[in-house]
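Residue numbers (the numbering used here): 169 to 216.
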């Protein structure tokens, strides 16, 4: 129930966001994710 509600609000938000800014957000999220993965891998290799 809560998940469905969250999905609908998420869809409303994505409808409010225009395409260019959504693309920008996707890029930012991807960059942040890759950065986090790089740091995480580096830290785990240091711990070993």
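The beta-carbon is built from N, C-alpha and C at its ideal position, and this holds for glycine as well.
Tell me the rounded alpha-carbon separation between residue i and residue j.
i: residue 210; j: residue 204; result: 10 Å
i: residue 208; j: residue 187; result: 31 Å
i: residue 213; j: residue 196; result: 26 Å
i: residue 200; j: residue 189; result: 16 Å
i: residue 172; j: residue 194; result: 22 Å
i: residue 206; j: residue 215; result: 14 Å
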